[in-house]
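Some notes on the structure that comes next.
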Amino acid sequence: MIDFELSKQQAKVKELAHQFAKYAIRPISLQADRDHRIPDDFMQRLNDMRSMMTMGEVPAEYGGEGGGVGEIKDKKGSSQRNRVALVGAEELAWGDISVIMSLPGPGLGGPPVQFTGTPEQQERFFSVFKKPGLHWGAYGLTEPSAGSDVAHIRTSCRKDRNEWVLNGTKCYITNGGRADWVVIFATVDPALGRAGHRAFVVEKGTPGFSVGKIEDKMGIRASETAELVLEDCRVPADNLLGGEAAYAEGKKGGFMSAMKTFDSSRPMVAVLGLGIARAAYEAARDYVRDHFVLGRAIPRYALLAEKLADMKRSIDAARLMCWRAAWMADEGVPNAKEASMSKAYAAKVAMAVCRDAVQILGAPGLEQNQLVEKWYRDIKVFDIFEGTGQIQRIVISKRILRDQPTF
Amino acid sequence: MVSFALEEEQRLIQETVRKFAAEELRPHLRDLERAGTLPPALRQRFHELGLGLVDAPEALGGLGAGLVTAAIVHEELAFGDPGAAVALFAPHLAGQALLALGDEAQQQTWLGLFADTAGHQRLGALAYCELDGPVEGFATTARSDGEHWILDGNKSYVVNGATADVLVVFAQLDGISGRPGAAAFVVGRGTAGVTAGARHQLLGLETVEACSLVFTGCRIPNSQRLVGGSDFEAATQRLFARLSLIHAARQVGLARASYEAALAYTQERTAFGKPVAHFQAIAFTLADMHMDVEAARWLTWQAATRLDHGETLLCHEAAAHANEAAWRVADHGVQLLGGAGYVKDHPVEKWLRDTKALALFGPPSEHHALQIASAELGHAVGAALPSASLQPFFT
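As you go down the protein sequences, you meet chains P and Y in turn. Read left to right, the first sequence gives residues 1051 to 1457 (the numbering used here). Read left to right, the second sequence gives residues 15 to 409 (the numbering used here).
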């Protein structure tokens, strides 16, 4: 049945996440941005909020929270974890984007371990998150010379008895510096293209594995973005995700593992952008409400009102693009096109909304003690990370065209 | 529980209307445009599908389906031909006005005309806009002589105005100014004192007949006043919300038509040795068109589910959003076909004209924006209907 109302559990997740975002996250948002870090004690509180926005990266059978409340099945027996995760994530991003990106847990490293990892690997790598303290996973795909063109990664891997030897550099890795382990994508032979890809879990402290530069960025400053360096880094053969069998001829296990992550993560990232956009919209709306009175010249007022209305409806439409992609993921329906559409559409909307929010506030919107100034900086990355707007359009157009284009 | 899954019945209706649009509307799009009217046989075939009163209760001869189903029907019809989609829907806005404002007896009497076997020979209309109206309320007056209401005044841009069997008219109760004095009445075919002006020749939607109306001492019985339950203003809001929803669904159908035409054409046409769709400038535009269509559709569907529960805000959002998206898609449609898109060998030029016309069938986007902002800011920015709109519009 066509339905756009939240279930009781979803509504509860939304309410809890919103309260946390409003009363806990927002108050530290500006300071975290200035300090380029989130206070340690706050991280511990975040850890307690994990189940709220998990996408089920740590399955319940491996001691994780599973899909959290998302594991409650709907009437047809489908999981609702992607939808629940989206609802919670929008609220937390409304609070502060860097905070949710710094959330302890496997992060983007979760899906490849879950989708490609053997039961033994899942047990081993997910058990980290049961231990006391704060733990992160990370996802290392992008390289200085391979971003959107994932198939052309150059980080090499070579089998040497019971070990693999990795060499290369990964960049722009979220939580890369503090992660307990990182899923690293490498190639046995660049000439093999996607078929040559292998996915490894590289653990912190492995000799030859080091953290390079921590990036200074336009926005999402409190989120750690790291460069990772692999120099003759020797990884046990047991850390090859899925084992050798996953990469048998024609399987493209490594590449598919990298791509499969996006089916769930793109709608998630898209909705995070909308959380920021909604925050900016609400700030602009409240500013207009509190600084103008009805007696003021109507034409000027109506111009702002129309801008506000455009922002509101665009956010509402974009959210449904995200929900649709997440619903398809929950139903187990292939959703690569819809996931890309949600990301491309939401990023465009969110950029426009944050731009307009600054514009509506006028000069005060530029000031660094106003969150809209921060959101204007934060939002730009949504048109870039998790696949740029351009790469999303390549994914989409390849799926709507009859024959494969050679772009 | 968020779900995008259609019910089996909705899927069947969608399939049925899609087939009807593909076989009965699209191939005849230019013929219909030239004729400027629909052949009676086409009206009859649509009537036989039983979808003219898709959102009316079963007790009134309708299908009793929810508004999502109605949105699906309107999208599919408009996908075939937007002009025919408007013209084919025989009850037009009189049906919506009766559903929102009429009591049960009035609905039985007047909607019944569209439900019976001769329903396809009947048309409905809504006379709303005025060019000489006050800021709030109407210049057309309704005076009571005890047993009758007597209507006097001018109404503009009335679809089916000259031919309507059931005409709903908004007018001002004598002696009560502003919104509290706004009222609505049903005028049956052949009632004395109604004169139709010349038919408007339009930018698009050529199959839709519209004209202005003059009421001079038009007498109708008391029983034909539509009071809108206990709250006429709220009922009027619901009427315009329903109208906006249908409108949004039609824009989605039009946009999808243009998108699919461009998608097909750009894969057929080659330049520099490959299909033009295989150039990123074209492919990315197609991707943007596809996104625009889908986003507008989901917002329309969500608005439909909300309106099923009486909430009107999202209908304004959906209408404004669909207007913008459909225009952008229709423009891309012409652009991607280039010169071929500008000539009448292909339908895309018609859709670029139709989308602008559709955008002024019902309150314009500016009105929707003010309604959204009013709800969001917690106080009125600009007046709610019934009131003068910045731009006159067709109803």
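Where a beta carbon is used, it is the ideal one built from N, C-alpha and C, also for glycine. Here the structure is a predicted model, which means the values were calculated and not measured.
Inter-residue distance for P/Ala-1396 and P/Met-1318 is about 11 Å (C-alpha atoms, whole angstroms).
The beta carbons of P/Phe-1305 and P/Ala-1201 sit closer together than 8 Å.
By the C-beta density criterion, P/Met-1051 is exposed, having fewer than 16 other C-beta atoms within 10 angstroms.
Y/Leu-313: not part of any beta strand (DSSP E); member of the alpha helix (DSSP H) spanning 294 to 322, first to last residue.
Between the C-alpha atoms of Y/Phe-375 and Y/Thr-409 there is a straight-line separation of about 6 Å.
Bridge partners of Y/Ala-198 according to DSSP: Y/Phe-184 and Y/Leu-240. The beta carbon of Y/Thr-280 lies closer than 6 Å to those of Val-290, Ala-291, Ile-296 and Leu-350 in the same chain, with the five residues before and after it left out. In the three-state reduction of the DSSP assignment, Y/Cys-329 falls in the helix class. Here Y/Val-16 is buried, its C-beta having at least 16 other C-beta atoms within 10 Å. Exclusion of the five residues before and after Y/Ile-260 leaves His-88 as the residues of its chain whose Cβ lies within less than 6 Å of its Cβ. Among the residues facing chain Y, P/Phe-1432 is not included, as its CB has no counterpart in that chain under 8 Å away. Closer than 8 Å to the CB of P/Thr-1224 there is not a single CB belonging to chain Y. In the DSSP assignment, P/Trp-1214 falls outside any alpha helix (DSSP H) and lies within the beta strand (DSSP E) extending over 1213 to 1224. Collapsing the DSSP output to three states places Y/Ala-224 in a strand. In its chain, beyond the 5 residues on either side, Glu-38 have a beta carbon closer than 7 Å to the beta carbon of Y/Leu-56. Taking all protein chains shown into account, P/Ala-1330 has 16 or more neighbouring C-beta atoms within 10 Å of its C-beta and is therefore buried.
For P/Lys-1180, no chain Y residue has a Cβ inside 8 Å of its Cβ, as the nearest lies near 31 Å away. Taking a C-beta distance under 8 Å as the contact criterion, Y/Gly-218 and Y/Ala-371 qualify as a contact pair. For P/Val-1338, the closest Cβ of chain Y is nearer than 8 Å.
Relative to P/Lys-1181, the option among P/Gln-1420, P/Ile-1429 and P/Gln-1094 whose CA is nearest is P/Gln-1094.
Taking the Cβ atoms as the reference, P/Thr-1205 lies roughly 18 Å from P/Gly-1292, outside the contact range of under 8 Å.
Counting only runs of 4 or more residues that sit fully inside the stretch 57 to 110 of chain Y, the alpha helix (DSSP H) segments are 81 to 94 and 96 to 102, in chain order.
With fewer than 16 other Cβ atoms inside 10 Å of its own Cβ, P/Ser-1195 counts as exposed.
Put simply, the CB of Y/Trp-315 is near chain P, with a gap under 8 Å to one of its CB atoms. According to DSSP, Y/Val-173 shares a beta bridge with Y/Ala-224. Our two residues, P/Tyr-1189 and Y/Ala-249, have alpha carbons roughly 55 Å apart in a direct line.
Two segments are said to touch when three or more pairs of C-beta atoms, one from each, lie closer than 8 Å; by this definition the stretch 124 to 135 of chain Y does not touch the stretch 183 to 199 of chain Y. When rounded, the separation of the alpha-carbon atoms in Y/Leu-140 and Y/Leu-181 is 6 Å.
Around the CB of Y/Phe-60, 16 or more other CB atoms lie within 10 Å, so the residue is classed as buried.
Residue-level contact by beta carbon holds for Y/Val-16 and chain P, with a gap shorter than 8 Å. Contacts between P/Asp-1053 and chain Y, judged by CB atoms closer than 9 Å, involve Met-15, Val-16, Ser-17, Phe-18, Ala-19 and Thr-319 in chain order. Counting only Cβ-Cβ distances below 9 Å, Y/Gln-294 has contacts in chain P at Gln-1440, Arg-1443, Ile-1444, Ser-1447, Pro-1455 and Phe-1457, in chain order. With its beta carbon less than 8 Å from one in chain Y, P/Ala-1367 belongs to the interface. Within the same chain, and ignoring the five residues on either side of Y/Glu-363 in sequence, the residues whose Cβ sits closer than 8 Å to its Cβ are Val-348, Gly-355, Tyr-356 and Val-357.
Put simply, the backbone Cα of Y/Leu-74 is about 50 Å away from that of P/Gly-1439. Here the stretch 1318 to 1327 of chain P makes contact with the stretch 1380 to 1400 of chain P; the two share three or more CB pairs at distances below 8 Å.
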